[in-house]
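J.: My questions all concern the structure below.
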Amino acid sequence: MSDAPSKDALEVMADQAREERRLGLLILENKTGAALDAGVPHFRTCAELWEKAGWPTRRAEVLVDLGRLYAKAGNHGDAAKVLVEALKALELANEQRLALDAATRAGQSCLALGSNDEGVRLQRRALQIAQDLNDHVQIAMCQLDLANGLVQRRIQGDPAEAIVQCDKALKTFISFRKGPLRAQCHDCKASAYAILGDHAASAAEYEASVTLSTELARSYDATETLAHWAEMERRRGNFDKAIELHNRCLATHKQTGNKALLAQSLRRLGLVHVKRELYQDAVACYQQSLDLCETIKDHDGISRSLYLLGAAEANAQRGDFALVYLERSLAAAKDSGNFHHQEQALSAIASLHRQLGKNDKALAVMQEWVQVLAKLGDRSDQLRVLGSIAELHQEMGALAEAEAHLQRLVQVCINPEDQPQRFRALHGLGTVLAKKGQHQDAFKNFKEALPGFSEQPPARARILHQMGLSALAQSESQTALEYLQESLAIYTELKDDKARARVLVDVGNAQVALGNKDDAKDLFDEAADMCENQGDMRATTIIRKATKGL
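Residue numbers (the working numbering): 636 to 1185.
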């Protein structure tokens, strides 16, 4: 007997699936922020129904809708997963148009996550599909998308290829009279030239983009390009030019009467003043931005302005004022359901509490920070903050809590992209165990962590030093000597005399344990001389006193 649904059952499933998709699309098109979450179950249910009905292509179409919703909500991790899944199904079904959309969106989400290699790979795939379709405008759009991905990745050869791709796209956009897309090509070329260090060519491309957008009466696009240009000038320290460009934006927004964009331009101008360390000028810009946002009830603008006010006050060493603004920013972000703004505020508040020595408060904020990162689907930063929580427990002397956190962190770091955090957690766990006197377990964790720091000489030298100390504590003097000497060699190459002096003393202790007192005395004398040259008389006295006892 067949398990396939009957014709009547299939019709019921299809009707239900179409209704679920309709509801999901209503939410996708009309909601923002946290309200978008309500669309997820509709799209998921729809996809399950199409799967049960045996229509994989329709299921894939709904997965693209779900990917669009995740991307709109800023959850690019989940967006990339479902879009790549949809792409595979659509390519199998030879649905090239739909596959092109899935590949393009998947690439954009990967780039938003910072997964640049995967993002560029998917953009190249989208370009190939467009070429197979022989759709000239789509080919040009994919060339522009690829160019933007290359500019973001910026490895050797990427900026030059981005310029080539933009030039190809420009020819098509000129032929088909796609003015706004022509402007975007000039914008992308400007970024590529800036990466290559050709700032004159970059400025010319930015000006070409602004001119096009202005001729097309697209004032928003023109001011966004001016803002990108100003950011380039700010980064390279050309503050006067950056201010001039931001003032052009302000003049346009005043003319059009767009208070939200005027507030945004004021915030951008404030960042230039921060870079110049003119914090009062920055605060004035941010306060004007806040006033405008409150007038028009721009909740995201309010939380962003408050955050920047807090950051400026913190930079000006006015921690108490900074905390007030940052906590107001967090409250505003919670009211609007903006998890990205919540994450920024929590990060700054935690950092400020630590600077002010309020570790208990910092710990509570960091726990909340992890929860927000989980909602954003940002696994990498979530793991990083969990590691920071363990470090803070360690600083506070709560070694048991630090150990538990780090052990859990080691267990959950199972993906290839988690490995850097896993190595850091292993090192941290070894440090905690050594402090607890559990040197055998500490040594084991240090040894497992060591390969993760092969290209970080200072960290590698530190771990080797710690391994030597743990071996010495277990009376494994020869093993200790080998690791300590390797650590010493790295510090010598790094010309880090402070660290070198510390390790010299421990190498000397290992030699004493092995009965080589003459070698130990020479090492202690060298360490004492180094400390004396550094002006550390306390360490010099302690070492010389120990030397006399040999």
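Ideal placement from N, C-alpha and C gives every residue a C-beta, glycine not left out. None of the values given here were measured: they were computed from a predicted structure.
Less than 8 Å separating the beta-carbons of Ser924 and Arg902?
T.: Yes, they are a contact pair.
J.: Among the residues of its own chain, which have a CB less than 6 Å from the CB of Phe956, if the five just before and after it don't count?
T.: Within the same chain, Phe956 has close Cβ partners Glu948.
J.: Could you check the C-alpha separation between Val1007 and Pro1092 for me, to the nearest Å?
T.: So the two alpha carbons sit approximately 34 Å from each other.
J.: Report all residues from its chain with a CB closer than 6 Å to the CB of Gln577; omit the five preceding and five following residues, and keep chain order.
T.: A question about residue 577 goes unanswered here, because the residues of the chain that appear run from 636 up to 1185.
J.: Between Ala1084 and Val786, what straight-line distance do the alpha-carbon atoms span, to the nearest angstrom?
T.: So the two alpha carbons sit approximately 34 Å from each other.
J.: For Met636 and Gly754, I'd like the C-alpha separation in whole angstroms.
T.: Note that Met636 has pLDDT 42, beneath the 50 cutoff, so the model's placement of it is unreliable and the number below is only indicative. Each residue's Cα considered, the two are about 46 Å apart.
J.: Look up Gly712 in the DSSP assignment and say whether it is helix, strand or coil.
T.: If DSSP states are grouped into helix, strand and coil, Gly712 belongs with the helices.
J.: Mind checking whether Gly674 and His975 have CB atoms under 8 Å apart?
T.: No, the Cβ-Cβ distance between Gly674 and His975 is not below 8 Å.
J.: On the CB-based measure, 16 or more other CB atoms within 10 Å of its CB, does Glu915 come out buried or exposed?
T.: The displayed chain sequence assigns Gln, not Glu, to residue 915. Exposed.
J.: Fully enclosed by the region 1027-1102, which alpha helix (DSSP H) runs are 4 residues long or longer?
T.: Taking only runs of at least 4 residues, the alpha helix (DSSP H) segments lying wholly in the region 1027-1102 are 1034-1047, 1054-1070, 1074-1084.
J.: Is Arg953 helix, strand or coil by DSSP?
T.: Here Arg953 sits in coil by DSSP.
J.: In chain order, what are the residue ranges of uninterrupted alpha helix (DSSP H) at least 4 long that sit wholly in the region 974-1014?
T.: Taking only runs of at least 4 residues, the alpha helix (DSSP H) segments lying wholly in the region 974-1014 are 974-990, 994-1011.
J.: If you measure from the beta carbon of Tyr914 to each beta carbon in chain D, is any gap under 8 Å?
T.: Checking the listed chains, one finds no chain D in this structure; it contains a single protein chain.
J.: Give the DSSP-derived three-state secondary structure of Lys969 in the structure shown.
T.: DSSP places Lys969 in helix when its eight states are reduced to three.
J.: For Ala917, which residues in the same chain have their Cβ closer than 7 Å to its Cβ, ignoring the five residues on either side in sequence?
T.: Correct list, in chain order: Gly905, His908, Val909, Ala947.
J.: Would you call the CB atoms of Ala895 and Asp833 closer than 8 Å?
T.: It is not a contact, given that the beta carbons lie outside the stated cut-off.
J.: Can you tell me whether Pro640 is helix, strand or coil according to DSSP?
T.: Correct three-state label for Pro640: coil.
J.: If you pair each beta-carbon of the region 736-755 with each one of the region 1038-1046, do three or more pairs fall below 8 Å?
T.: These segments do not touch.
J.: Whose C-alpha, out of Asp780, Val772, Leu684, Tyr1126, is nearest the C-alpha of Ser744?
T.: Residue Asp780 is the option with its Cα nearest to Ser744.
J.: Give me the Cα-Cα distance between Ser971 and Ile937, rounded to the nearest whole angstrom.
T.: Spanning the two alpha carbons is a distance of roughly 10 Å.
J.: In chain order, what are the residue ranges of uninterrupted alpha helix (DSSP H) at least 4 long that sit wholly in the region 735-802?
T.: Complete alpha helix (DSSP H) runs here, min 4: 751-768, 771-788.
J.: Mind checking Pro1051: buried by the 16 CB within 10 Å criterion, or exposed?
T.: Label assigned to Pro1051: exposed.
J.: Using beta-carbon positions only, say whether Ser1122 and Leu1158 come within less than 8 Å of one another.
T.: No, Cβ-Cβ distance for Ser1122 and Leu1158 is not below 8 Å.
J.: Cα separation between Val1138 and Thr1176?
T.: Each residue's Cα considered, the two are about 17 Å apart.
J.: Does DSSP put Lys666 in a helix, in a strand, or in coil?
T.: Note: Lys666 maps to coil in three-state DSSP.
J.: Contact defined as beta carbons within less than 8 Å: I believe Val1067 pairs with Leu1027. What is the distance between those atoms, to the nearest angstrom?
T.: Actually they do not touch by this definition, with Cβ atoms about 12 Å apart.
J.: Ignore the nearest five residues each way along the sequence and tell me which others in Gln731's own chain have a CB closer than 6 Å to its CB.
T.: If we look at Gln731 and ignore the five residues flanking it on each side, its Cβ neighbours are Ile764, Leu768.
J.: Are Pro815 and Asp856 close, meaning C-beta to C-beta below 8 Å?
T.: Result yes, Cβ atoms of Pro815 and Asp856 sit closer than 8 Å.
J.: For Gln1169, which of helix, strand or coil comes out of DSSP?
T.: Of the three classes helix, strand and coil, the one that applies to Gln1169 here is coil, per DSSP.
J.: Identify which residue in Leu927, Gln819, Lys1082 has its Cα closest to the Cα of Leu861.
T.: The residue with the shortest Cα to Cα distance from Leu861 is Gln819.
J.: Straight-line CA distance for Val699 to Lys824?
T.: Going by the C-alpha atoms only, they are around 30 Å apart.
J.: Rounded to a whole number of angstroms, what is the C-alpha to C-alpha distance between Ser810 and Met776?
T.: Ser810 and Met776: Cα-Cα distance of roughly 13 Å.
J.: Drop a sphere of 10 angstroms on the beta-carbon of Thr858, count the other beta-carbons inside from all chains shown, and report buried for 16 or more, exposed for fewer.
T.: Answer is buried; the Cβ neighbour count reaches 16.
J.: Buried or exposed for Thr807, going by 16 or more other Cβ atoms inside 10 Å?
T.: Looking at its Cβ environment, which holds 16 or more other Cβ atoms inside 10 Å, Thr807 is buried.
J.: Quick check: the Cα distance between Lys993 and Ala999, rounded to an integer number of angstroms?
T.: Approximately 10 Å between the Cα atoms of the pair.
J.: For the alpha helix (DSSP H) holding Glu1128, just list the boundary residues, first then last.
T.: Glu1128 -> alpha helix (DSSP H) spans 1112-1129.
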